[in-house]
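Colleague:
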Amino acid sequence: MARSKELAPNVGRLSRSAVFARRGLFKGQKKSEKPAAAEVAPTKEVTVGGAKNGGKRLVPTQKAPRFYPAEDVHHPKKSRKSPKPTKLRSSITPGTVLILLAGRFRGKRVVFLKQLGSGLLLVTGPYKVNGVPLRRVNQAYVIATSTKVELGDFKVDEKINDSYFAKPTSKGARSAEEEFFADGKPKKEAFPESKAADQKSVDAAVIAAIKKTEYLQKYIKASFGLSKGQFPHALNF
2 MARSKELAPN VGRLSRSAVF ARRGLFKGQK KSEKPAAAEV APTKEVTVGG AKNGGKRLVP
62 TQKAPRFYPA EDVHHPKKSR KSPKPTKLRS SITPGTVLIL LAGRFRGKRV VFLKQLGSGL
122 LLVTGPYKVN GVPLRRVNQA YVIATSTKVE LGDFKVDEKI NDSYFAKPTS KGARSAEEEF
182 FADGKPKKEA FPESKAADQK SVDAAVIAAI KKTEYLQKYI KASFGLSKGQ FPHALNF
C-alpha cells in the first residue's frame with residue numbers, strides 16, 4: 002500500500018519530504034570517516050640517460066589519459082557568494098523585553114542578552130521568574146517591546162555561544178532490540194551542574210536589574226495573549 006495516496010492523478014496527499022520522513026530511511030544511514038589521503042606532488046624529477054638529454058627532467062606524476070569522454074562532463078558551478086552576518090533589528094538591544102511567538106515558551110516575555118554568531122538571539126526569562134532558561138531564538142519569531150531592563154555593564158560570558166547549546170553526541174552500545182524490551186521509561190540524563198551554575202549567575206544579574214523598576218517583575222512573569230477584539234497590528238508594544 003502506498004504511503005501517499007493520490008488526491009488526483011500524479012498529485013499525492015503527502016509531500017516528497019513527508020514521504021521520506023515516513024519511510025525512515027535516514028535512520029539506517031551509516032557514516033564512516035575515511036582517512037585523509039596524502040597529497041601527491043603534481044610533478045616529479047627523474048633521471049634521463051643520454052649525453053644530450055640534460056640528465057634530469059620534471060615529468061608529471063600521473064600521465065594524462067589517452068582518451069577523453071565523448072560527452073562533455075558537467076562540473077558544478079562554483080558559487081562566489083559568501084554568507085553574511087545576520088543583521089539585528091534596530092528595535093532589539095541588550096536588555097530589551099521580547100515576546101516569544103513560537104516554540105515551547107510561546108507567549109512568554111524574555112530579556113534579550115546578545116546576538117550569537119549564527120544570528121540567533123540569546124535570551125533568558127529569567128528562569129526563576131517565568132521558567133524560561135537560557136535559549137537561542139530566531140528574531141523572526143519575537144516581538145520587540147518598548148520595555149527595557151537596564152543591565153548596565155553586565156556582559157554574558159564568552160563561553161555561552163552556539164556550541165554551548167550543542168547536544169552531546171553519545172553513541173550507545175545498546176541495540177534497538179534491547180531498548181525495545183527495556184523495562185520502564187528511557188533513562189533521562191541529569192542536567193549538567195555547570196550549565197545550572199551559568200543560569201544562576203546570569204539570572205542573578207538580570208533579576209537585580211529587574212527589581213530596580215517597580216512592577217517589572219510581574220510584567221515579565223505574565224504571559225502575553227490577545228483578548229476578543231484585540232488585533233496585534235493595532236497595539237503598541
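Numbering of the sequence shown is given in the working numbering, commencing with residue 2 and proceeding in unit increments. Each residue gets a CB set at the ideal place from its N, CA and C atoms; glycine is no exception. It should be emphasised that the depicted structure is a prediction, and the values quoted were computed from it without experimental measurement.
Runs of 4 residues minimum, wholly inside the region 101 to 151: which ones carry the alpha helix (DSSP H) assignment?
Modeller: 128 to 131
Colleague: Have a look at Ser147 and Ala141 and give me their C-alpha separation to the nearest angstrom.
Modeller: 17 Å
Colleague: Within 8 Å, do at least three Cβ pairs link the region 86 to 99 to the region 148 to 155?
Modeller: yes
Colleague: Under 8 Å: do the region 112 to 131 and the region 199 to 219 share three or more Cβ pairs, one atom per stretch?
Modeller: yes
Colleague: With a 10 Å radius around its C-beta and 16 neighbouring C-beta atoms as the bar for buried, classify Arg110 as buried or exposed.
Modeller: buried
Colleague: Would the beta-carbon of Ile161 fall within 8 Å of that of Leu123?
Modeller: yes
Colleague: Among the candidates Arg90, Arg136, His234 and Phe238, whose CA atom is the shortest distance from the CA of Lys196?
Modeller: Arg136
Colleague: Is Met2 helix, strand or coil when you go by DSSP?
Modeller: Per-residue confidence for Met2 stands at a pLDDT of 44, beneath the threshold of 50, marking its modelled position as unreliable; no derived number is given.
Colleague: Cα-Cα, which of Lys85, Glu72, Ala103 and Ala205 is closest to Phe155?
Modeller: Ala205
Colleague: Given a threshold of 16 other Cβ atoms within 10 Å of its Cβ, counted over all protein chains shown, does Val60 qualify as buried or as exposed?
Modeller: exposed
Colleague: Please name the residue in Gly25, Gly118 and Pro10 whose C-alpha comes closest to that of Lys85.
Modeller: Gly118
Colleague: Whose CA, out of Gly51, Pro43 and Arg81, lies closest to the CA of Ala65?
Modeller: Pro43
Colleague: Let me make sure I understand the geometry here. Which of Ile211, Ser228 and Leu227 has the alpha-carbon closest to that of Tyr220?
Modeller: Ile211
Colleague: Please say whether Val143 and Leu89 have beta carbons closer to each other than 8 Å?
Modeller: no
Colleague: Counting only runs of 4+ residues fully inside the region 14 to 89, write out the alpha helix (DSSP H) ranges in chain order.
Modeller: 17 to 24
Colleague: Can the beta-carbon of Val1 be found closer than 8 Å to that of Val112?
Modeller: No statement about residue 1 is possible, as the shown extent of the chain runs from 2 to 238 and does not include it.
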